[in-house]
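**Student:** Supplied in structure tokens, the structure appears directly below.
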């Protein structure tokens, strides 16, 4: 059973996921529960989905254009980005773009999600992780603390490249190698 | 040199803890081979033919004597007594044991070094001109900018799983000694009419199977926008670079397939959203970074031309060494000195623990404790007082580090090749050594003049054979080692890719072919200054072909491997 980590805690997953394979079901106003569906299903059936009681979410493939969801942000409770292989890093950029476009809700990494990538994923804007089935949730939580300081800005400010007053003040005042 | 502060030290130390944990999980079976592989690669650890190979980053080529001694320590304690300087300003150890690698990394951290991102599909070690900061033709000192790039790229969360490796080189001089046009991104520091610093940005260069020169995507990128622009390039590459074929995954293929104008449009659209935001550099940040570099305590000296002239007259060997291995310095009274790691009987770039220690001593006594690593696999003492050159020459000679061959035929660049590397089709080092043996007469080599000879054991081109005046590439033909020879490649401002002269050769024939190429050159040159590459560019490759292959009917040799560049 895959573990869901949300806001750095192990939580119950209340969402039902519609597999992108197989026949696409038709949602009806009586369909209950929170549903996570592929972009194509969302595009085709968003009116029905929104007319029912439960919450709605979209799973993006890492080749989908996140721009397509901008106008739907207020109708969605969850956006997930699928990692087909953990070595396929496109999902990181998709997450950065979603955050830049103004997505403030839950951003979930799903698919080949392993503990050793959680630190980077978090810095790209993911706040929820549906771990690959073989991953141990408890030990995965440690990975959020792999590093205490990041060098570059991401969705956070990072260190040193944001005019960090401390790093400027702590440096000696004489310029010894002139970059100018 | 850049000095780590407490934060830099903490980041490296946290990395070691992380990797130690990952290694432990791997060895205990909790982490699979596939899941571990990218993790170890991004710590510089390959699994090679005989044992793992650990690649240690030498950021933009700067290294000090205590770091050099640490390399010696690692070579002795964890390896077989030697290390190998690569063509990317790194040092490699070929025989460490996997379980000990975290300990090696901890030892390296004591001297502010690491193996972070020296491998894997991420942004690799930033490389730079080996004369940065001391060159007489410098426009902008690139070192601080290199350090800014090092920090920006280290553990960049978005770009750790790119389609393929990503290499960035920086040059700040008129002469491009960093081969910037052969990198995924090449940055040439320039000034605009107002004197402001900026960068000419080239993208999509590279060697490998599809050698291509980089194309300029931004003629003048203001310094403050350096990181946001690179973020934009990397994001476009990360999203659209090919992932279906490892040989077509570099950014050069994306640029080639989509064309530069299209990529440029996408990069600039992305940059429009990033420009001026987080990651925009301020003067305070850059100055703070600059202030973390050590002071080079130059004495106020004058050039000693007369003394050197007299010493050169008295000792022809010294004169020859000065001509090849001593380089002009921007500070009066100083010179930079190349210690050649290329001498007969030794694999190019290899250096023993004893030599590493002796080199560290030389750096302490002659060069303010600092050294540089060059992409030609030699070392440089950057800050030598001119009056000390003759003494240094004597000592370097005794250590076997004074071969006066920088820029000459025997300064061969070679990858580790099939003796060590599991990717290679053929050996490189024995070929280099056979050529060196054949040209063991120094007078002859000097008479031949400037000539870059580069050898790669496979199409991955770690030996940069495409840009050698003479390039040798190992190819596999029905399980046998063959060598394809090209001529006319060049590096620097006149970067060019060599052309293959014809069907490949058996290993034992290679030295003779090189000799034939040189014979022909000697008959065609108009003066001593007319270099091999000048002659190739003037007369073309046909006369060389004819001289090498004689009147052999080309059709009969068609059974040999088709040309890889075709």
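Protein chains in written order, with the numbering used here: chain A, -5 to 174; chain B, 404 to 969. C-beta atoms are modelled at their ideal positions from N, C-alpha and C, and glycine is treated no differently.
How many whole angstroms separate the CB atoms of residue 108 of chain A and residue 129 of chain A, which I take to be in contact at a CB cut-off of 8 Å?
**Tutor:** Right, the Cβ-Cβ distance comes to about 6 Å (below 8 Å), so this counts as a contact.
**Student:** Reducing DSSP to helix, strand and coil, say where residue 125 of chain A ends up.
**Tutor:** The answer is coil: DSSP assigns residue 125 of chain A none of H, G, I, E or B.
**Student:** In terms of residues, what are the limits of the beta strand (DSSP E) holding residue 736 of chain B?
**Tutor:** Careful: residue 736 of chain B lies outside any beta strand (DSSP E) and carries neither H nor E.
**Student:** Could you check if residue 819 of chain B is buried or exposed, using at least 16 other CB atoms within 10 Å of its CB as the buried criterion?
**Tutor:** It is buried - the Cβ of residue 819 of chain B has at least 16 other Cβ atoms within 10 Å.
**Student:** Find the nearest neighbour of residue 943 of chain B within the set B/562, B/915 and B/872, judged by alpha-carbon distance.
**Tutor:** Residue 943 of chain B has its Cα closest to that of B/872, out of B/562, B/915 and B/872.
**Student:** Hey, out of B/511, B/793 and B/470, whose CA is closest to residue 763 of chain B's CA?
**Tutor:** The candidate whose alpha carbon is nearest that of residue 763 of chain B is B/470.
**Student:** Have a look at B/630, B/688, B/908 and B/604 and flag the residue whose alpha-carbon is nearest the alpha-carbon of residue 679 of chain B.
**Tutor:** For the residues B/630, B/688, B/908 and B/604, the minimum Cα distance to residue 679 of chain B belongs to B/630.
**Student:** So, helix, strand or coil for residue 86 of chain A, using DSSP?
**Tutor:** Reduced to three states, the DSSP call for residue 86 of chain A is helix.
**Student:** Report buried or exposed for residue 19 of chain A, applying the criterion of at least 16 other Cβ atoms within 10 angstroms of its Cβ.
**Tutor:** Residue 19 of chain A comes out exposed.
**Student:** What is the rounded straight-line gap between the Cα of residue 26 of chain A and the Cα of residue 5 of chain A?
**Tutor:** Computed Cα separation, rounded: 21 Å.
**Student:** Go ahead and label residue 797 of chain B buried or exposed: buried means 16 or more other beta carbons lie within 10 angstroms of its beta carbon, across all protein chains shown.
**Tutor:** Its Cβ having fewer than 16 others within 10 Å, residue 797 of chain B is exposed.
**Student:** Check whether chain B comes within 9 Å of residue 65 of chain A, counting only Cβ atoms and requiring the distance to be less than that.
**Tutor:** It does not: the Cβ of residue 65 of chain A has no partner Cβ on chain B nearer than 9 Å.
**Student:** Classify residue 148 of chain A as helix, strand or coil using the three-state DSSP reduction.
**Tutor:** DSSP places residue 148 of chain A in coil when its eight states are reduced to three.
**Student:** Looking at residue 875 of chain B and residue 811 of chain B, is the spacing between their C-beta atoms short of 9 Å?
**Tutor:** Taking 9 Å as the Cβ cut-off, residue 811 of chain B and residue 875 of chain B do not qualify as a contacting pair.
**Student:** Bridge partners of residue 873 of chain B, per DSSP?
**Tutor:** Paired residues: B/856 and B/890.
**Student:** What residue range does the beta strand (DSSP E) around residue 460 of chain B cover?
**Tutor:** Note, residue 460 of chain B: beta strand (DSSP E), 455 to 460.
**Student:** Taking any Cβ of chain A, which residues in the stretch 412 to 429 of chain B have a Cβ under 7 Å from it, in chain order?
**Tutor:** Result list: 413, 414, 417, 421 and 425.
**Student:** Tell me whether residue 971 of chain B is buried or exposed, calling it buried when 16 or more other Cβ atoms sit within 10 Å of its Cβ.
**Tutor:** A query on residue 971 of chain B cannot be resolved here, the shown segment of chain B reaching from 404 to 969 and no further.
**Student:** Within a Cβ cutoff of 6 Å, which residues of the same chain sit near residue 104 of chain A, ignoring the five residues on either side of it in sequence?
**Tutor:** Contacts found: 74, 76 and 124.
**Student:** Put residue 640 of chain B into one of helix, strand or coil per three-state DSSP.
**Tutor:** Reduced to three states, the DSSP call for residue 640 of chain B is helix.
**Student:** Quick check on the burial criterion: 16 or more other C-beta atoms within 10 angstroms. Buried or exposed for residue 418 of chain B?
**Tutor:** Classification of residue 418 of chain B: buried, given that the 10 Å Cβ count is 16 or more.
**Student:** Given a cut-off of 9 Å on the beta-carbon distance, is the pair residue 533 of chain B and residue 783 of chain B in contact?
**Tutor:** Yes, the Cβ-Cβ distance between residue 533 of chain B and residue 783 of chain B is below 9 Å.
**Student:** Grab the span of the alpha helix (DSSP H) containing residue 715 of chain B for me, first residue to last.
**Tutor:** Its alpha helix (DSSP H) spans residues 708 to 717.
**Student:** What in chain B is Cβ-close to residue 58 of chain A, meaning under 7 Å?
**Tutor:** Ordered by position in chain B, no residue passes the 7 Å Cβ test against residue 58 of chain A, which lies about 11 Å from the chain.
**Student:** Is residue 970 of chain B near residue 563 of chain B, with beta carbons less than 9 Å apart?
**Tutor:** As shown, chain B starts at 404 and ends at 969. That puts residue 970 of chain B outside it, with no answer to give.
**Student:** For a contact defined as C-beta to C-beta under 7 Å, what are the partners of residue 601 of chain B on chain A?
**Tutor:** Under the 7 Å cutoff, chain A gives no residues; its nearest Cβ is about 12 Å from residue 601 of chain B.
**Student:** Could you check whether the Cβ of residue 561 of chain B sits closer than 9 Å to any Cβ belonging to chain A?
**Tutor:** Chain A contact via Cβ: present.
**Student:** Thinking residue 788 of chain B and residue 847 of chain B are a contact (beta carbons under 8 Å), I'd like their distance in whole angstroms, please.
**Tutor:** In fact, because the Cβ distance is near 33 Å, the residues do not count as touching under 8 Å.
**Student:** According to DSSP, is residue 0 of chain A part of a helix, a strand, or is it coil?
**Tutor:** Strand.
**Student:** Please report how far the alpha carbon of residue 83 of chain A lies from the alpha carbon of residue 567 of chain B, in whole angstroms.
**Tutor:** If you take the alpha carbons of residue 83 of chain A and residue 567 of chain B, they lie about 10 Å apart.
**Student:** When Cβ atoms are compared, which residues of the stretch 463 to 490 of chain B fall closer than 9 Å to chain A?
**Tutor:** Cβ contacts with chain A: none found.
**Student:** With H, G and I counted as helix, E and B as strand and the rest as coil, what does DSSP make of residue 790 of chain B?
**Tutor:** It is helical.
**Student:** I'd like to know if the stretch 416 to 430 of chain B and the stretch 507 to 517 of chain B are in contact, where contact means that at least 3 CB-CB pairs between them fall below 8 Å.
**Tutor:** Touching, yes.
**Student:** For residue 543 of chain B, which three-state DSSP category applies?
**Tutor:** Residue state, collapsed to three classes: coil.
**Student:** Quick one, which of B/655, B/529 and B/892 has its alpha-carbon nearest residue 609 of chain B's?
**Tutor:** Ranking the options by Cα distance to residue 609 of chain B, first place goes to B/655.
**Student:** Checking 9 Å against the spacing of the C-beta atoms, do residue 756 of chain B and residue 454 of chain B come in under that value?
**Tutor:** No, Cβ-Cβ distance for residue 756 of chain B and residue 454 of chain B is not below 9 Å.
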